[in-house]
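Notes follow once the structure below has been shown.
2 protein chains.
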Amino acid sequence: MLEKSLFIRALRRQPVSRTPVWIMRQAGRYLPEYLAVRKQAGDFMTLCRTPELACEVTLQPLRRFELDAAILFSDILTIPDAMGLGLSFVEHEGPKFANPIRDVSMIERLPGADCIEDLRYVFDAAKLIRQNMPADLPLIGFSGSPWTLACYMLEGQSTREFKHAFKWAYDEPLALHLLLNKLTDAVIVYLGQQIEAGVNAVMLFDTWGGVLTPELYQTFSLPYMAKIVQALKAKYPTIPSIMFTKGGGQWLDAMANTGVDALGVDWTCDMAYVSRLVGHKVALQGNLNPAVLRATPAVIREEVKKVLSAFGSGPGHIFNLGHGITPDVPPDNVAVMIEAVRA
Amino acid sequence: MLEKSLFIRALRRQPVSRTPVWIMRQAGRYLPEYLAVRKQAGDFMTLCRTPELACEVTLQPLRRFELDAAILFSDILTIPDAMGLGLSFVEHEGPKFANPIRDVSMIERLPGADCIEDLRYVFDAAKLIRQNMPADLPLIGFSGSPWTLACYMLEGQSTREFKHAFKWAYDEPLALHLLLNKLTDAVIVYLGQQIEAGVNAVMLFDTWGGVLTPELYQTFSLPYMAKIVQALKAKYPTIPSIMFTKGGGQWLDAMANTGVDALGVDWTCDMAYVSRLVGHKVALQGNLNPAVLRATPAVIREEVKKVLSAFGSGPGHIFNLGHGITPDVPPDNVAVMIEAVRA
């Protein structure tokens with residue numbers, strides 16, 4: 001059934017009748033029905049860890065909108081949590097780890113990819129979602145990139161300055177490589193198990209790759225993502241992969257040369273330029289400014305048109321935002337955006 | 344005297360005996376002697392508003408380090424404060440405006456460039472500094488860019504999402520242009536008065552240009568900076584100008600075509616690439632990752648070398664960080680960096 005999926009076809013740069021669309025964080029706080037389930041779950045990690053609830057919120061946006069893919073509801077920090085760092089979410093502050101990494105011995109003692117067994121709840125959710133969603137719609141699995149996971153594990157929480165992560169990169173590069181290798185092995189197993197559970201494409205979220213220098217990006221982020229993409233491609237050649245480095249607009253060419261099928265493109269990029277630069281090598285996903293969804297319907301329609309025409313008429317475009325949808329977006333505005341893409 | 348200044352010569356892309364160096368936020372909280380004056384002043388704005396104190400902290404880093412320029416100590420938000428928005432600084436939270444802009448009538452009622460008269464304390468500080476600093480060292484004046492000032496005026500405080508600013512950009516573009524035009528007129532007068540008071544070069548800090556889409560950048564940030572640069576160039580042809588959009592690595596070519604003398608380059612840019620791209624049109628200032636100053640001396644020396652060799656052997660490089668120095672940097676590490684540049 002999925003051979004006809006517009007999303008899968010676009011990822012393979014095959015001709016499509018119209019541009020497919022999905023939304024980063026489409027199952028999320030902007031939907032009242034999500035907030036109701038979240039309230040029922042009590043806290044965010046319980047929601048992630050309960051397959052029935054994760055399934056329910058994954059399917060919610062599909063009931064409201066004509067989307068071309070679903071994305072597994074989970075968090076990018078499940079792997080560090082399974083490694084024993086103790087993840088929790090503090091209201092308005094984001095994720096926190098009870099046991100951030102503070103020395104090399106902690107990295108050495110981190111469990112290997114075996115810890116992914118503890119993430120059975122993710123694979124159970126993926127199976128349940130796959131069983132309950134339309135057979136002709138693809139389900140996207142995902143993981144944080146090794147560098148992004150490492151940032152949270154080293155900082156212990158959200159940060160703007162990444163003091164710990166940079167300190168390791170400059171003063172303890174071998175230890176950081178050890179951590180990134182462990183994470184890479186774990187992500188390969190994690191995404192492999194998601195594929196075994198039924199996801200039809202995988203996406204790597206490199207939320208913090210864009211804070212790096214070009215050299216650090218090529219040393220500590222990109223090669224590990226490339227290794228993941230290549231390992232999965234060898235084992236699951238039909239499953240397309242998407243790589244998204246937020247703020248990575250200057251490095252798209254290097255990303256396109258990793259063997260990945262598609263690149264996520266944030267809103268700071270000129271889609272016409274990116275399409276000319278790497279559109280012959282990879283599919284492109286994006287890149288409407290998420291802030292457009294707080295504008296008027298007329299502006300939303302106009303800005304959607306601009307993204308579509310900037311990409312051009314060739315194959316290989318998946319419409320999306322340039323970053324995740326924010327909680328304050330009125331769902332009606334999302335409907336306007338999707339209608340405009342489909343029109 | 345200043346015709347021999349390495350900094351001024353490099354800005355003009357004239358040959359120099361070695362690469363000049365200064366540091367964004369070189370007068371700041373990483374220096375104990377700054378903290379002492381700050382404590383004496385009581386609060387940050389009193390420090391800015393007292394020419395003797397502003398002069399003292401401007402000169403402090405020159406006593407400690409062999410720097411090739413001083414930068415006037417002030418804040419980028421003096422203009423909105425002079426326009427009546429009521430600036431204050433909340434510890435650990437950054438700037439706050441008591442009266443952020445909430446509707447078009449507030450923009451219409453904003454005072455014009457006459458309000459710059461209220462910033463006499465800035466010009467008095469510039470005069471005092473110029474009198475008290477070595478005659479062969481240049482003094483840099485500066486302003487926030489119109490877009491960056493507008494962001495703070497519309498948001499009322501620091502933000503990651505710029506919800507208000509984007510809302511105006513998409514839904515009320517004419518009102519936003521009115522605000523930006525008022526700010527542009529004010530910045531031209533402000534920097535002109537700084538030049539009259541004795542500053543030898545001017546820099547525009549476009550801290551928030553990098554959060555824009557390429558189209559919004561070309562609509563709401565770059566043209567206003569270009570207008571300022573051109574107006575100052577017409578009136579003060581010998582005063583070089585520097586334009587710095589943080590996160591603007593994708594737009595350096597457009598920036599280089601505004602008539603500006605130099606571009607600030609942040610640490611996410613590949614200096615070798617930027618040098619090839621626009622180094623024949625403008626001088627380049629940057630771009631050591633500020634996080635390097637928290638690394639070991641050996642790493643600092645190595646990373647300084649990389650920036651110098653990436654720029655290449657041609658004229659037109661001013662060594663600097665890719666963003667402001669952070670309060671936790673040990674001053675000894677700054678000395679290591681400066682020695683490495685001068686070596």
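Residue numbers (the working numbering), protein chains in the order written: chain P, 1 to 343; chain R, 344 to 686.
Quick reminder that beta carbons are idealized off the backbone N, C-alpha and C, glycines included.
Per-residue burial, residue i [other beta carbons within 10 Å of its own, 16 or more giving buried]
i, result
"Asn-200(P)", "buried"
"Ser-143(P)", "buried"
"Asn-257(P)", "exposed"
"Val-57(P)", "buried"
"Glu-451(R)", "exposed"
"Asn-333(P)", "buried"
"Ile-63(P)", "For the record, residue 63(P) in the displayed sequence is Arg; it is not Ile. The residue in question, Arg-63(P), is exposed, as its Cβ has fewer than 16 Cβ neighbours within 10 Å."
"Asp-479(R)", "exposed"
"Leu-517(R)", "exposed"
"Phe-673(R)", "The identity of residue 673(R) in the sequence shown is Pro, whereas the question assumes Phe. Exposed: under 16 other Cβ atoms inside 10 Å."
"Asp-253(P)", "exposed"
"His-507(R)", "buried"
"His-317(P)", "buried"
"Pro-375(R)", "exposed"
"Ser-305(R)", "Given a span of 344 to 686 for chain R in the structure shown, any question on residue 305(R) remains unanswerable."
"Thr-588(R)", "buried"
"His-323(P)", "buried"
"Gly-607(R)", "buried"
"Arg-356(R)", "buried"
"Asp-671(R)", "exposed"
Bridge partners - residue i, DSSP secondary structure assignment
i, result
"Val-265(P)", "Gly-286(P)"
"Ile-681(R)", "Beta-bridge pairing links Ile-681(R) to no other residue."
"Val-308(R)", "In the structure as shown, chain R begins at 344 and stops at 686. Residue 308(R) is therefore absent and cannot be evaluated."
"Ile-585(R)", "Met-546(R) and Ala-605(R)"
"Gln-500(R)", "Lys-439(R)"
"Ala-70(P)", "Leu-139(P)"
"Gly-487(R)", "Phe-548(R)"
Extent of the continuous beta strand (DSSP E) run through residue i
i, result
"Met-203(P)", "201-206"
"His-660(R)", "660-664"
"Lys-439(R)", "437-440"
Segment limits, alpha helix (DSSP H) that includes residue i
i, result
"Thr-639(R)", "First-last for Thr-639(R): undefined, no H or E at that position."
"Ser-105(P)", "104-109"
"Phe-509(R)", "506-514"
"Ile-571(R)", "565-578"
"Val-90(P)", "No alpha helix (DSSP H) contains Val-90(P), which is instead part of the beta strand (DSSP E) from 87-90."
"Leu-378(R)", "375-384"
"Ala-686(R)", "That residue, Ala-686(R), is in no alpha helix (DSSP H); it is neither H nor E in DSSP."
"Cys-55(P)", "51-64"
"Asn-132(P)", "120-132"
"Ala-597(R)", "595-599"
"Tyr-273(P)", "271-278"
"Ile-101(P)", "Run containing Ile-101(P): none; DSSP gives neither H nor E here."
"Ala-10(P)", "6-11"
Proximal residues of chain R, C-beta to C-beta of residue i below 8 angstroms
i, result
"Gly-210(P)", "Thr-611"
Contacts of residue i in chain P (Cβ-Cβ under 7 angstroms)
i, result
"Gly-592(R)", "Gln-250"
"Thr-556(R)", "Trp-267, Thr-268 and Asn-289"
Chain R contact residues for residue i, given Cβ-Cβ distances below 9 angstroms
i, result
"Thr-326(P)", "Glu-504 and Lys-506"
Interface residues of the segment 502-513 of chain R facing chain P [CB-CB below 9 angstroms]: Arg-503, Glu-504, Phe-505, Lys-506, Ala-508, Phe-509, Lys-510, Ala-512 and Tyr-513
Residues of the segment 624-649 of chain R whose Cβ lies closer than 7 angstroms to any Cβ of chain P, in chain order: Asn-632, Ala-634, Val-635, Arg-637, Ala-638, Thr-639 and Val-642
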